[in-house]
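Written below as structure tokens is the structure these notes are about.
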Amino acid sequence: MAAGLEDQQQHRDTTFAEKRAARGEKIFATNSSSAERGGGSLMEEGNNTKNLSQRLVVDAGCAMAAGAAVAPVVSMIDRAIMENASGKQQLMTSIKKSMAKLFWRPHLYLTSKPFALIVMVYGGTYLSANFLDTFKSTTRPRPASHVTHGPAKFAATSAANLGLTMIKDSQFTKMFGTVSNRPVPPVTYALFALRDAMTIFASFNLPPMIAPRLPMTEAAEKVMSRTSAAQFLAPAAIQLVSTPFHLYGLDLYNRNGGTPFSDRLNKVRIDWLKSSLARMCRIVPAFGFGGVLNNSLRLRFQKQLE
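Under the numbering used here, the residues of the sequence shown are numbered 6 to 311, in order.
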């Protein structure tokens with residue numbers, strides 16, 4: 006009898022221990038899954054540094070490739086506008102000469118100083134946009150292909166473009182003007198800066214704002230997305246407003262003296278339309294095609310690193 010009671014007690018103790026063990030496993034599993042969820046949350050809150058060095062190389066490569074792709078057209082148009090404004094030669098005459106040089110002696114054209122300056126300007130501008138996107142995707146974190154919009158991108162791209170364009174414009178003004186080599190007036194730099202700030206805003210900030218409002222049919226959207234269309238249209242249209250500042254700044258350099266204000270305005274009026282159209286032709290490749298190419302290349306290669 007005593008032995009039977011002892012066996013029953015032992016059985017109850019074993020069952021109780023098994024239940025406690027089962028509860029313990031359940032608690033452990035719950036805690037483990039919570040820890041895993043917590044770990045995932047911490048990963049989400051941390052930095053996305055995966056393949057960071059390779060992502061930066063992709064940013065630089067895409068920016069320079071896009072800059073080199075647009076440089077032939079942009080350099081010949083910039084030269085033509087400068088020579089036309091100074092009276093050195095007509096706009097179309099200058100463009101024809103540059104096209105002939107590019108066609109017959111491409112090695113000389115593609116290694117020339119004007120070409121290198123344009124690659125520097127637009128490659129550097131795209132690079133600042135790419136690096137900012139990578140910085141944001143690393144610190145938030147986001148996927149490597151993430152693209153940002155807003156004041157930070159406007160400030161970064163404006164600073165890069167303004168600084169590099171000032172270097173380029175000072176060199177182009179001296180190379181393709183008719184007056185003796187002299188310092189570019191501060192007012193000319195200020196007008197160039199205003200011109201470029203307007204273009205940068207229309208290139209990087211306006212497209213995402215106006216893209217949803219573009220009157221495009223479904224058939225048109227199959228050919229080109231609203232975002233791409235806006236990226237072509239916005240920077241081109243703003244040239245009608247920004248070109249007078251460009252022409253006035255050039256005139257201050259070319260006729261740096263006692264030229265009446267009315268004469269300067271008349272010169273701007275005469276050159277405004279053809280110069281605006283020429284600048285549209287350079288802006289569409291520079292910030293339209295170049296921007297789309299840079300973004301497309303970056304998206305393609307960054308996705309491979311995610």
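Glycine included, each C-beta is placed from N, C-alpha and C at the ideal position.
The structure presented is a predicted model; accordingly, all values stated were derived computationally and were not measured.
**OP:** Find the nearest neighbour of A165 within the set D201, K141, A195, A90, judged by alpha-carbon distance.
**Re:** Reading the sequence shown from its first residue, position 160 is the one you call residue 165. Closest by alpha carbon: D201.
Exercise for review: Run the CB neighbour count on I123, radius 10 Å, all protein chains shown included, and call it buried at 16 or more, exposed below.
Suggested key: Mapped onto the sequence shown, residue 123 falls at position 118. With 16 or more Cβ atoms within 10 Å of its Cβ, I123 is classed as buried.
Using CA coordinates, which residue listed in A157, Y253, L107, M203 is at the minimum distance from F292?
-> Against the sequence shown, residue 292 aligns to sequence position 287. Of the listed residues, the one whose Cα sits closest to F292 is M203.
Terminal residues of the alpha helix (DSSP H) in which A65 lies:
Sequence index remark: in the sequence shown, residue 65 carries index 60 (1-based). 57-91 is the extent of the alpha helix (DSSP H) around A65.
Our contact map puts G128 next to A68 with C-beta atoms below 8 Å; I'd like the distance itself, whole angstroms only. Translated into positions along the sequence shown, residue 128 becomes position 123. Translated into positions along the sequence shown, residue 68 becomes position 63. Contact holds; Cβ gap of about 5 Å.
key: Beta-carbon contacts of T143 that lie in its chain and below 7 Å, excluding the five residues immediately before and after   = Residue mapping note: residue 143 aligns to position 138 of the sequence shown, counting from 1. N52, N53, T54, L57.
Can you give the Cα-Cα distance for E49 and L132, rounded to whole angstroms? To locate residue 49, count along the sequence shown from 1; it is residue 44. To locate residue 132, count along the sequence shown from 1; it is residue 127. In this prediction, E49 scores a pLDDT of 47, lower than 50, which makes its location untrustworthy; no coordinate-derived value is stated.
Under the rule that 16 or more other beta-carbon atoms within 10 Å means buried, what is F266, buried or exposed?
-> To locate residue 266, count along the sequence shown from 1; it is residue 261. The residue is exposed, with fewer than 16 neighbouring Cβ atoms inside 10 Å.
L298 to A235, Cα distance in whole Å?
As a working mapping, residue 298 is identified with position 293 in the sequence shown. As a working mapping, residue 235 is identified with position 230 in the sequence shown. Distance between the alpha carbons of L298 and A235: 14 Å.
_What would DSSP say about G129, mapped onto helix, strand or coil?_
Locating residue 129 in the sequence shown gives position 124, counting from the first residue. G129: helix per DSSP, three-state reduction.
Please work out which residues of its chain come closer than 6 Å, Cβ to Cβ, to L137, disregarding the five sequence neighbours upstream and downstream, and give them in chain order. In the sequence shown, the residue the question calls residue 137 occupies position 132. Here the set comprises K158, A161.
Less than 7 Å between the C-beta atoms of P119 and S80, yes or no?
Locating residue 119 in the sequence shown gives position 114, where the first residue counts as 1. Locating residue 80 in the sequence shown gives position 75, where the first residue counts as 1. The answer is yes: Cβ separation under 7 Å.
* C-alpha distance - P240 paired with T183, whole-angstrom precision -> Walking along the sequence shown from the start, residue 240 turns up at place 235. Walking along the sequence shown from the start, residue 183 turns up at place 178. Near 30 Å, if we compare the C-alpha coordinates of T183 and P240.
Could you tell me the distance, in whole angstroms, from the CA atom of A121 to the CA atom of A195?
Here residue 121 refers to the residue found at position 116 of the sequence shown. Here residue 195 refers to the residue found at position 190 of the sequence shown. If I take the Cα positions, the gap works out to 24 Å.
Practice item. Following the continuous alpha helix (DSSP H) through Q176, name the residue where it begins and the one where it ends. Key: To locate residue 176, count along the sequence shown from 1; it is residue 171. Here the alpha helix (DSSP H) through Q176 covers 156-181.
*Closest by C-alpha distance to I215, when choosing among L107, N186, R231, P111*: Here residue 215 is taken as the residue at index 210 of the sequence shown, counted from 1. Residue R231 is the option with its Cα nearest to I215.
Given that a residue counts as buried once 16 or more other Cβ atoms are within 10 Å of its Cβ, and exposed if not, what is T222? The residue given as residue 222 occupies position 217 in the sequence shown. Its Cβ having fewer than 16 others within 10 Å, T222 is exposed.
Residues in its own chain within less than 8 Å of N259 by CB, not counting five upstream and five downstream? Numbered from its first residue, the sequence shown carries residue 259 at position 254. Hits under 8 Å: A90, S91, G92, G182, T183, V184.
Among F197, S281, F140, H151, whose alpha-carbon lies nearest the alpha-carbon of G168? To locate residue 168, count along the sequence shown from 1; it is residue 163. If we check each option's Cα against that of G168, F197 comes out closest.
Fill in: Three-state secondary structure (DSSP) of A149
Mapped onto the sequence shown, residue 149 falls at position 144. Of the three classes helix, strand and coil, the one that applies to A149 here is coil, per DSSP.
Using the rule of at least 16 other Cβ atoms within 10 Å of the residue's Cβ for burial, across every protein chain shown, is G263 buried or exposed? Residue numbering aside, residue 263 sits at position 258 when the sequence shown is read from its first letter. It counts as exposed.
Quick one: grab the DSSP three-state call for V297.
Here residue 297 corresponds to residue number 292 of the sequence shown, with the count starting at 1. If DSSP states are grouped into helix, strand and coil, V297 belongs with the helices.
Contacting residues, own chain, Cβ-Cβ under 7 Å from Q244 (five flanking each side not counted)
Locating residue 244 in the sequence shown gives position 239, counting from the first residue. Excluding sequence neighbours, Q244 sits near S281, R284, M285, I288.
Review point. Excluding the five sequence neighbours on either side, which residues of its own chain have a C-beta within less than 8 Å of the C-beta of A65, listed in chain order?
Key: In the sequence shown, the residue the question calls residue 65 occupies position 60. Closer than 8 Å at the Cβ level, and outside the excluded window around A65, lie L132, N135.
Contact set for D276: own chain, Cβ-Cβ below 6 Å, skip 5 residues either direction = As a first step, residue 276 is located in the sequence shown; it is residue number 271 there, counting from the start. Taken in chain order, the residues that qualify are L252.
Going along the chain, which residues of its own chain have a beta-carbon closer than 8 Å to the beta-carbon of P249, five neighbours each way excluded?
Taking the first residue of the sequence shown as 1, we reach residue 249 at position 244. Result list for P249: V273, W277, in chain order.
(Q) Can you tell me whether K173 is buried or exposed? The criterion is at least 16 other CB atoms within 10 Å of its CB, across all chains shown. (A) For the purposes of this step, residue 173 is taken as the residue at position 168 of the sequence shown. Label assigned to K173: buried.
If you run the structure through DSSP and keep just helix, strand and coil, what is G254?
Looking up residue 254 in the sequence shown gives position 249. Residue state, collapsed to three classes: helix.
Using a Cβ-Cβ cutoff of less than 7 Å, which residues in the same chain neighbour A225 once the five nearest sequence positions on both sides are dropped? The sequence position of residue 225 within the sequence shown is 220, counting from 1. No residues qualify anywhere along the chain.
query: Going by the beta-carbon positions, is the gap between T153 and K141 smaller than 7 Å?
result: Position 148 of the sequence shown, counting from 1, holds the residue named residue 153. Position 136 of the sequence shown, counting from 1, holds the residue named residue 141. Yes, Cβ-Cβ distance for T153 and K141 is below 7 Å.
For S99 versus E88, is the C-beta distance shorter than 7 Å? In the sequence shown, residue 99 corresponds to position 94, counting from 1. In the sequence shown, residue 88 corresponds to position 83, counting from 1. Cβ atoms of S99 and E88: closer than 7 Å.
Item to complete: Could you name the residues of the same chain whose beta carbon sits closer than 7 Å to that of V75, not counting the 5 residues immediately before and after it, in chain order?
Response: Here residue 75 corresponds to residue number 70 of the sequence shown, with the count starting at 1. Only Y127, P290, A291, F294, G295 meet the Cβ criterion.
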